[in-house]
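Going by UniProt numbering, the first residue of the sequence shown is number 1, and it counts up by one from there.
The next block holds one structure in the form of structure tokens; read it before the comments.
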Amino acid sequence: MMKAIPSDTNMTKKKQGMEVVIQREKEPRGAVSTHFPCHLIDNNELVTVSFIKGPNGSYSDSQGRSKQSNPQKRQPDKFMAFCIETEGGKGIKRKVMKNPELRKKVKYVCVYGYKGETVKQALRKDGRFDNTIFRTRCVLSEPETSVDTEMSQPVDGLDRKSRKGEMLVQKRQEIPNSKEILNILVEFGKKTQSFQEVKKVKRLIELSASVCQVRIGGTATGTGFLLFDKFILTNAHVVQQIYEQISNTLQQSVTVTFDFEDLDEKTQQIPVKSEVVAYGKDYSGYVDFALLELRADPDITLPSSLLDTFSFPSPEGGICIIGHPDGGVKKKDPCFIIQYEDRKQAVEKHVTENKEFLHVINNRYFEENWNVTHLLRDTEKITYDTCFFHGASGSPVFNEYCQLTAMHTGGYSYQGKGENTQKSIQWGKKVFSQPPIVQVLSLKKMREACNFHHRYTSTMTDKMRKKIQKITL
């Protein structure tokens, strides 16, 4: 465009340090850049040339853009033009144009672009827009239609838009609760990062085969897993309602199923012997386990035991829980350990963020006698934030190396909005923090080390059970 305007040497010297403004006659009288293609100006259309004080004492910037873009080398049908207000929307009202004098001089600037080029590329090429609009999340907004055009979108749809009240640059409207959503996404990213490797995913799938749902009379009550041989480890409170302490037996039929992964598929239910191998439950929650023995048919192939994957838990890092929350199909939940020194802060943060449910929390606190103070000091529990609630008790907890470290045991939960379960903090018990379990496993190792006759081994098993029954918790 600048090349088409007759030049005067004296005028050029006189106007040094000023910026040229070329304003179109056609409404909305947008000012074009010095490298604006002439063929986009209508035939017989007049332009007005004036000068304003340059932002840096020169208008060479727009001329330099002309050399870089070289619009004459492109086919005419590949160009398009659109107008933008020189005054921006809320938050960037005076930060759209690089030269504030241009905003005072004209209301619109006319910008050209190439087909397939993004809005951001076209505005940068123009050379008159301030860097603020590129650093800030801005959009081109059409007030009449309430349509926003992102900076990353192509300019193709903006061609010939030059009506009154056309487009203005404004900050993108913040999505409601976007900060909260971002925090959730960041937290989700942290949780899943520990188990993103395909190798770990495959390993967790293998281990999940050893996780079962515990059912009493056909009704799901919890989760368990094959610890070794035919022995299932779960929480004592999963079978507490049918456990008879004097006879050390279960008063109703109990079955487990390892293959409940699809609601539409049939599952194989394996019965559990009524005699309990080991049981421990105390008021404080320090002890909460039940070791059950399967009455499995010799033809039934059991999955691998998880005892061989055991490792002592780390005080921090990622974990993955596999179980049957809410009595549903088998699921996994990757989450992070809440470190010992951070437990109090985690509980306080949850209460602060859920003040509207404070009365509900207080009611559950007294109804269930929540011992939060003890939990904050309990080094035998690992704490975390999981979506697993009722029905997941007894689920195995694996560390980042897919090793068994704990058994998901409980948490402090209450009903939130829409009767959705909310929780303040959840915890798992270290698998082998219970003395009776340690003795059971010690005897089990002894039995494996000795090549006894089958009948003698059976006798040893009976003695082992009797010995365990004498252990008082």
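We treat Cβ as the ideally placed atom computed from N, Cα and C, and that holds for glycine.
Of the residues E117, R128, K95 and N99, the one whose Cα lies closest to the Cα of T34 is R128.
In the structure shown, D130 falls within a coil segment according to DSSP collapsed to helix, strand and coil. If you look at P100, you'll find it in the alpha helix (DSSP H) that goes P100 to K105.
Contact between P396 and L306 is confirmed by a C-beta separation of about 6 Å, below the 8 Å threshold. A straight-line Cα-Cα distance of about 11 Å links S311 and E400. Separation of V49 and V32 (C-alpha to C-alpha, rounded to the nearest whole angstrom) is 10 Å.
Relative to T257, the option among G222, K281, I337 and S393 whose CA is nearest is G222.
Counted as a single uninterrupted DSSP element, the beta strand (DSSP E) harbouring V20 occupies residues M18 to R24. The three-state reading of DSSP puts C320 in strand, counting E and B together. Annotation: Q121 to G224 spans about 59 Å, alpha carbon to alpha carbon. In this structure, the straight-line span from the alpha carbon of R103 to that of M97 is close to 7 Å. Restricted to the region 218-292, the beta strand (DSSP E) segments that are unbroken, complete and at least 3 residues in length are 219-228, 231-234, 254-257, 269-271 and 278-281, listed in chain order. R124 carries a helical assignment under DSSP once its states are collapsed to helix, strand and coil. Contact between C110 and F51 does not hold, since the beta-carbon distance rounds to 18 Å and is not under 8 Å.
In this structure, the CA atom of K93 is about 34 Å from the CA atom of P76.
Sorting I41, G17 and Q16 by C-alpha distance to the C-alpha of Q23 places I41 at the top.
Annotated three-state conformation of I92 is coil, per DSSP. Here the alpha carbon of V155 sits roughly 56 Å from the alpha carbon of G428. For S208, the enclosing alpha helix (DSSP H) has its first and last residue at V198 to S208. Distances from the alpha-carbon of S314 to those of P100, K273, N43 and T379 put T379 closest. S304 and Y340 have their C-alpha atoms some 32 Å from each other. Between the region 199-209 and the region 231-249, the count of Cβ pairs shorter than 8 Å is below three; the stretches do not touch. Leaving aside the five residues that flank K273 on each side, the residues in its chain whose CB is nearer than 6 Å to its CB run, in chain order, E293 and R295. With 16 or more other Cβ atoms from the protein chains shown falling within 10 Å of its own Cβ, T234 counts as buried. Annotated as proximal: F79 and Y112, with beta-carbon spacing under 7 Å. The criterion of a C-beta distance shorter than 7 Å is not satisfied by I322 and Y384.
The C-alpha of A81 lies about 12 Å from the C-alpha of E117. Rounded to whole angstroms, the gap between the alpha carbons of Q213 and K200 is 23 Å. Residue environment: P271 is assigned as exposed (fewer than 16 neighbouring CB atoms within 10 Å of its CB, all protein chains considered). Between the alpha carbons of C320 and F389 lies a distance of about 14 Å. DSSP, read as helix, strand or coil, puts G327 in helix. A straight-line Cα-Cα distance of about 33 Å links E265 and Y279. DSSP places F398 in the uninterrupted beta strand (DSSP E) bounded by P396 to N399. Per DSSP, T309 lies in no beta strand (DSSP E) segment and is marked neither H nor E. Using a Cβ distance threshold of 7 Å, F260 and T267 count as a contacting pair.
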